[in-house]
Amino acid sequence: MYDRTYYATHPDMMEVVSNEELRDRYLIQGLFRDGECVLNYTHADRFVIGGVAVAGADVALPAQEEPASAKGHPFLERREMAVVNVGSVEGVVTVDGESFTLGNKDCLYVTMGATDVVFSGEGARFYLASCPAHQGFKTRKLGISDANALERGSLEESNERTIFQLVIPGVCDSGSVQAWGQASGRAPRSRLHRAMRYPPHRYMPSARSPNLRLEKWKNASSTWPLWLSRALRLTVRGPSNSASRVRL
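Residues 368 to 615, numbered by this note's numbering, are exactly what the sequence shown covers, in order.
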């Protein structure tokens, strides 16, 4: 079911780690494979990172295979999921018979308890982020126009940006996942931050495909940021102090 499982790292393990070992422990490669739903599991927050690349036939979210007691049960039986279209092609996500068309950078919140999730649209690419949930809410499509916009930063500090809060109380209810987008670069000197500012033991696995860069880390604000493209980054928050960053 899972392409790879990532485990927690003790701080002492990071003292003499090589670049190759860092990549092996924290870099998820091959996230998008044509015609497949690729899922990776990390023990931090029991978080699942996935990618779907539609190539002709529809691609279904697989059922659980482990543990044995859950084999055959729906993947989202006790989970919820955020789906983001990170490709340039429009795609469709069908949840229990209801279809949602997602354009580039559109987000779909999929509630806990959904049984059948199918991805379609030749050439479409979907990023998946899932974590455990305690109750179900309404499955809902979200775009920038639905967001609560917050202006942050300044031109003087080269970080002028707008944060578009999407899956967040008051906009879209969820159990533990929260999501928001951040647009920057409106002025010539505004840039997205890329530096890791947290100690090594708070680093998380990351994923990369030919046009997707993902980094993860933990911080004190309990966030899982998902950052998208040079102009927009979308954030997904999990239940504890964890964060991931995606950038096209």
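No residue lacks a Cβ here, since even glycine has one placed at the ideal position from N, Cα and C.
Where does residue i sit, in a helix, a strand or coil, going by DSSP?
| i | result |
| --- | --- |
| Y476 | strand |
| I511 | helix |
| Y494 | strand |
| R424 | This sequence places Ala at residue 424; Arg is not what is there. Of the three classes helix, strand and coil, the one that applies to A424 here is strand, per DSSP. |
| R400 | coil |
| Y373 | strand |
| A411 | helix |
| R392 | helix |
| M368 | coil |
| A481 | coil |
| A449 | strand |
Among the options, which one has its Cα closest to the Cα of residue i?
| i | options | result |
| --- | --- | --- |
| I535 | R528, R507, N526 | R507 |
| M448 | V421, Q396, G464, G503 | G503 |
| A420 | E388, T372, E403 | E403 |
| G542 | V415, Y393, T478 | T478 |
| R371 | V484, L428, F414, L533 | F414 |
| G417 | V426, D425, L406, K438 | L406 |
| R446 | A424, S455, Q532, D412 | D412 |
| Q431 | M368, Q532, A424, Y408 | M368 |
| Y408 | G488, L394, H440 | L394 |
| A496 | F442, T376, G488 | F442 |
| D401 | G488, E465, G537, S512 | G488 |
Roughly how many angstroms separate the alpha carbons of residue i and residue j, rounded to a whole number?
| i | j | result |
| --- | --- | --- |
| R492 | S525 | 31 Å |
| V630 | T482 | One cannot answer for residue 630 here, as it falls past the ends of the chain, which runs 368 to 615. |
| P378 | H410 | 16 Å |
| A500 | A514 | 22 Å |
| Q396 | Y494 | 13 Å |
| C498 | V453 | 20 Å |
| R519 | I530 | 7 Å |
| G490 | A422 | 6 Å |
| K505 | V383 | 47 Å |
| A516 | C539 | 14 Å |
| A435 | Y374 | 20 Å |
| E444 | Q532 | 26 Å |
| S455 | V544 | 25 Å |
| F399 | D391 | 18 Å |
Apart from the five residues just before and just after residue i, which ones in its own chain have a Cβ nearer than 7 Å to its Cβ?
| i | result |
| --- | --- |
| S521 | E527 |
| M380 | none |
| F486 | V419, V421, D425, V426, G458, V460, F493 |
Excluding sequence positions up to five away, which residues of its chain have a Cβ less than 6 Å from the Cβ of residue i?
| i | result |
| --- | --- |
| G510 | D473 |
| F467 | V460, L475, K508 |
| E388 | none |
| V484 | L428, V462 |
| G480 | G503 |
| A440 | Before going further, note that residue 440 is His rather than Ala in the sequence given. So the list reads Q431, once near-sequence residues are dropped. |
Which residues in the same chain as residue i place their Cβ atom closer than 8 Å to its Cβ, once the five residues preceding and following it in sequence are excluded?
| i | result |
| --- | --- |
| G470 | N452, E457, G510 |
| G537 | N515 |
Per the DSSP calculation, residue i is bridged to which residue(s)?
| i | result |
| --- | --- |
| L317 | For the chain, the structure presents residues 368 to 615; residue 317 sits outside this window and is missing. |
| S487 | V459 |
| A516 | F531 |
| G417 | L495 |
Would the C-beta of residue i count as close to the ligand MG, meaning under 8 Å from any of its heavy atoms?
| i | result |
| --- | --- |
| V415 | For the ligand MG, the structure offers nothing, since it holds no ligand at all. |
Between residue i and chain B, is the shortest Cβ-Cβ distance under 9 Å, so that the two count as touching?
| i | result |
| --- | --- |
| M381 | Of the protein chains in this structure there is only one, and it is not chain B. |
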